Each structure stands twice: as C-alpha cells, then as structure tokens.
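These notes are about the structure you will find just below.
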Amino acid sequence: MEFIMELGQYMIANYQELLNLAWEHILMVAYGIGLALLIGVPLGVIAAKVNWLAPIILSLVNILQLIPSLAMLALLMLYFGFGFKTVVIGLLFYSLLPIVRNTYVGIKEVDESIIEAGVGNGMTPLQLLYKIQFPLSIPFLMAGIRLAAVIAISVATIGPYIGAGGLGKEIISGISLQSDVKIYAGAIPATIIAILADFILGKVEQKSKKRMAA
Amino acid sequence: MIELKNVNKIYNDGFQALTKVNVEFQEGKINVLIGPSGCGKTTTMKLLNRLVDYTDGEVYFNGKKIKEMNPIELRRQMGFVIQNIGLFPHMTIFNNVATVPKLLKWDKDRIKKRVIELLEMVNLDPNTYMNRYPSELSGGQQQRIGVIRALAAEPSTILMDEPFSALDPISREQLQDELLRLQTEINKTIIFVTHDMDEALKIADNIVLMKDGKVVQQGSPDSLLSNPANDFVKEFIGEKRLNSNNQLNDLSLANYINKDILLVQSDIRIEKATSSLIERKVSSAVVINEDETYNGIVSLYDAIENNSSEINSIIKKASLIIYENDKVSTVLEKIEGIHDIVPVLSKEDIVVGLLSVDKLFATLHHLTEYKRGEI
C-alpha cells in the first residue's frame, strides 16, 4: 500500500515529464508503423501477385522478425547513429512481417468466385487489384497493423539504449538507479498504451470485417 | 453470332478437355450447354470470353476471330453471371450493378438511370436496395443482382455459368421464370450452362448436349426428346421425360381433323354463301379456289353485313393454319389465344378439314389428369 502511494505521488509530481515521454513513445511507434505500411503493403501485393517472389519476400521479412530486438537496434545504430531515427527504423523492420504477411494473405484469401466475376466483367489486373482485391484485404491488413502496434510499443521501450526517448527512458533509469518506482512509472503507461492500441485497432478491424461478410 | 469451329482444348498436363467442338449459338435465343460434370460445358462457355483459351480451331464472335480481339474489351461486351453469385461484398448494390458501365466510363446520370431501370426490371425497389450491401439480401435477390449486373452495359451476349444451381428450389424456379420473362423483353443471345435437364428443357431454345469434351447432340428441346441421337442422350434425358413427351407424339393429328366441313368456292355470290352457312349452322367456312387449294375463310357475320357484293371482298386469312403431317406438339406450340377456325391443309395446300380444337384439348386434359394421378 505504501508503495502504491509512493508510486502515485511520483507520477503526479512528474506527470508533465511522463506525458512527454509517452507522446514521444507513441510518435516512434506511429512513424515506424506508418513507414512499414508504405513499404510493407506494396511488398505484400507483389508477393500475392508474383508467385515466384512470394517465398523470397515472406522469408526475408520473417528473418527480420527473428533478430533479437536489442541486437537489431545495436546493429542499426552502427549505420544510422544514435537517436529517434534509428529506433523508428528498427520499429519499421519489426512491423514489416505482420503487415506484409497479412496483406499477402488478405489478397490471396479473396473468394475465387469474386475474382472470376471481376475478370469476367472485363477488369484489367490493375483494376481488379484496386477495386476488388485490395479493399477486400483490408480486414486482414487491420489485424496486421494491430499486431504490429502491440509489438512496436513493447520494442520501443529499449529505445533509450541507443539514445532515443520514450517511456523506456524511465524504465532504464529505474534499472540503473535500482528504483522500482521509476520502473513502474515507465512500465505502467507503456502497458496502458499497448492495451488501448489493441482495443481501438481491434474495434476498427471488427468494423472493416462486418461489411465484407459475404 | 457466336460460332465454334473444330475447337480443341488441351491443357498443359496433356488432358484433352474439348475435342473437335462445332457449335453455333443462336442469336437472340437461350442456348443451353448441358452434360455430366467434366464434360467440358463450362470450358466451352469460358472460351467465349477468353477466361480459357483454346488450343486450336477457331471461335467467331460476330464474324471476328476472338483470338484477335482484346480480351478485356471482349469481356465488357458480354455479360457474365457466375455460379456462386460473386457479388462484390464491399460494394453497394448500386456499385455492383454499375460495375461494367463504370469500367466503360459512362457518365454518372446515365449509370444511375440504367441501374434504376434494371432494379425495376427484376422487381427490386431501387430506393430500398440501391444502397444496401450484398450480405443484406437473400440468395435469390443476390442472384437477381448478379443477373442485372451482367445486363448493365447492354451486351448482346450473356454467359451464365450454372447461375441458379446454388439457390433453393423455390428461388430457382422463380429465377427461371423471371429469366424467361426478361428474355421476351431483351432478346439477348444467352449461353447458359447447367447440369439440370429439367432446367434445360424449361428454358432452352437450343440445347447443346456434351459428353467427354465432345458435342453429342444439339437441337431444340423437342428434337432431343423426340429423336435422341444415342443411348447416352436417352439416359441423360431420362426415361420419364422421354415417355411423357412420347405420349404427346404418339397422338396422331389425324384423329383431331374434322373432315365433314362446309367449303365455299371463291367465285360465288355472298348470299349463296350466307344461306349455306345458315343451313349448316356454322359461323365460318373455308373458302377454296377452283383447284381446291386454300384461299381463306368467311364468317357468317361478314356475309350478312355485306349482302350485295362478291364474296372476294369479305375473305379473310385464318389466324392459324396447320398441315396434316404436323406433329401434335408443334400444333400445340402454335395454338395461342382463340382461333375462329383452324384449317388443316395437305402438302399441296388442298383443304383437308378443320382442326377440332375442343377434342384435342379434351385428350390433353385426360393425359395430364392421368399423369397427376401417377404422382
């Protein structure tokens, strides 16, 4: 009980600082996922359309995901230096797998008869893609974004090791100062952000699914 | 006009799906491709809009070789209704129906007018349905949309790939009836794939029966029923259907010709004709030329009205004439509405007698009564 009081007091006293860190955290994740969408959706589309490229693209993004996050960030630091930018690039790599794979699956999963109807009514391959296949893959893509967001929020907490901000700063300084209050003050907001992101994106996903039900 | 000449289709794995297919699809008619599964009927249909390409032979669409046409443009000229309905679930009914007009870049007002017209054609209220999504419609309604989507850009030809097979029996019957009704308004060249013989017999003007990638027989439903080419055709049509048709064909028209009739020469005076009509207690009579060939008919009413002149002035053409060697089934097809009298002629146009319509219908009534009892 005493501990909770202490934590509360600390958080109230430093709420301005914590809010700033939370905002920075969200920004890193948003940039990372935004860039992952810009790169990942076209990659997913290419994988779905060009059969022989699919295994290559999918294995590559899979390998990216398998590199331990600390090692990945350290490696990136060698090339991109310290700071915000490097963490964003790391998050981009981590978000790539769910986004590429879900775009790919979403397009592949479009019902055969719907494709036949599109082709049979005289759509060109490009029209088929942007009028039919891509819109119908959106619920899958949303699920991918949701997963990517949750992963990215947690990976971003190690950002301060390579000189970025975010709630990880509070956690890491808590570790070096052996202050559990500081660790919790960083971890709890990070968890809340992850839960909220999961909930909100889940709602969006549901909504996009509803209409597609044939 | 669509014509297939010596078309072969061999898949990459060596499977020969079609062998020397020669088919001519009749313009403005419902052409049904039918056969057991794997017989090549769907492949044949998909050749036409180049969803499948043939190995050799030639397919002509309005005189042009389709291999030399742009497949995208070709498909926009042909409506396409697919088996599993295949509506686009993320689009409203309006956008689904407007698919091809939009691809063809019609202007907005024209598209809207056309969609409303089409929805009304299949009795779906445009205001209610236009902004709904396919998932909000019943299966039967969805396939109505599937059909009008194919009609939207006013193609001359419509391909239908087992369009009603996924529906429940009641909706299926309704859509078949609706298609027949629509066809009387639109007169499209329809190529309809099915495996259901009842459906084929109900809607077809022309049936193409296939087996193992070959055309076994083609012709009108009647000609298939009365002259099945071989045992396979007989078996596929089914004994029961053949029998019910045979009963009709067994009836001899000769039994329904009344030979004891009043004939009037074409050069007599009207008053003489009037008195013969009254004497025989009939309201009309057949007029013949000097060589006994058919000339026309006169009615008692016209004769009394124009008492003075020559009979020539009141001779009318009969609304229906038949020939003594016609089949009962063809005669039945021709009888539509009420005819005053129906003259029966020989090959040389000599009047043989009058068709006894009442007697014919009495027999038909008896036949159908018997059939109902059998079920």
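As you go down the protein sequences, you meet chains A and B in turn. Going left to right, the first sequence walks through residues 588 to 801 as our numbering numbers them. Going left to right, the second sequence walks through residues 3 to 377 as our numbering numbers them. Even glycine gets a Cβ: it sits at the ideal position worked out from N, Cα and C. All figures in this text were calculated on a predicted structure; none of them were measured in a lab.
If you check the CB distance, Ala777/A and Thr744/A come in under 7 Å. Closest option to Gly707/A, judged by alpha-carbon separation, among Ser158/B, Arg134/B and Glu75/B: Glu75/B. Residue contact check for Asn229/B against chain A: no CB pair falls below 7 Å.
In terms of Cβ geometry, Thr44/B and Val218/B do not form a close pair [threshold 7 Å]. Between Gly693/A and Ser724/A, the C-beta gap is smaller than 7 Å, which places the two residues in contact. Contact annotation: Ile68/B and Ile147/B have beta-carbon atoms that are not nearer than 7 Å. Closer than 7 Å to the CB of Thr711/A there is at least one CB belonging to chain B.
The alpha-carbon separation between Arg52/B and Ile650/A amounts to approximately 41 Å. The beta carbons of Leu255/B and Asp328/B sit about 6 Å from each other, so the pair counts as a contact at 8 Å. With a cut-off of 8 Å on Cβ pairs, the segment 786–799 of chain A is not in contact with the segment 180–190 of chain B, counting fewer than three such pairs.
Cβ proximity to chain A below 8 Å picks out Ile84, Gln85, Asn86, Ile87, Gly88, Leu89, Phe90, Pro91, His92, Thr101, Val102 and Leu105 from the segment 83–108 of chain B. Against chain A, the CB of Arg134/B has no partner CB under 7 Å away; the residue lies outside that interface.
According to DSSP, residue pairing for Tyr325/B in a beta bridge involves Leu347/B. Ala19/B carries a strand assignment under DSSP once its states are collapsed to helix, strand and coil. Beta-bridge analysis with DSSP links Phe194/B to Val34/B and Met162/B. Going by DSSP, Lys107/B is part of no beta strand (DSSP E) at all; its letter is neither H nor E.
Annotation: the continuous beta strand (DSSP E) that includes Ser301/B extends over Tyr296 to Ser301.
For chain A, the residues of the segment 39–62 of chain B that bring a beta carbon within less than 8 Å of one of its beta carbons are Asn51 and Leu53, in chain order. When C-beta atoms of the segment 635–651 of chain A are compared with those of the segment 679–686 of chain A, three or more pairs fall below 8 Å, so the two segments count as touching. For Ala774/A and Ile626/A, the gap between their C-alpha atoms comes out near 30 Å.
Identification of chain B residues near Gln714/A by a Cβ-Cβ cut-off of 8 Å yields Leu105, ordered along the chain.
When DSSP states are grouped into helix, strand and coil, Val791/A belongs to the helix group.
In this chain, Tyr13/B is not harboured by any alpha helix (DSSP H), its DSSP state being neither H nor E. A direct Cα-to-Cα measurement between Val616/A and Leu713/A gives close to 32 Å.
Of the other Cβ atoms in all chains shown, fewer than 16 fall within 10 Å of the Cβ of Lys318/B; this residue is therefore exposed. For Val706/A, the chain B residues whose C-beta falls within less than 8 Å of its own C-beta are Leu53 and Arg77, listed in chain order. Fewer than three pairs of CB atoms, one per stretch, sit closer than 8 Å, so the segment 100–111 of chain B makes no contact with the segment 173–182 of chain B. Contact of Leu728/A with chain B is not assigned, every C-beta pair being separated by 7 Å or more. For Phe234/B, the uninterrupted alpha helix (DSSP H) segment begins and ends at Asp233 to Ile239. Taking all protein chains shown into account, Glu335/B has fewer than 16 neighbouring C-beta atoms within 10 Å of its C-beta and is therefore exposed.
The segment 147–157 of chain B and the segment 75–90 of chain B touch, with three or more beta-carbon pairs separated by less than 8 Å. Residue range Phe721 to Val742 is occupied by the alpha helix (DSSP H) that includes Val742/A.
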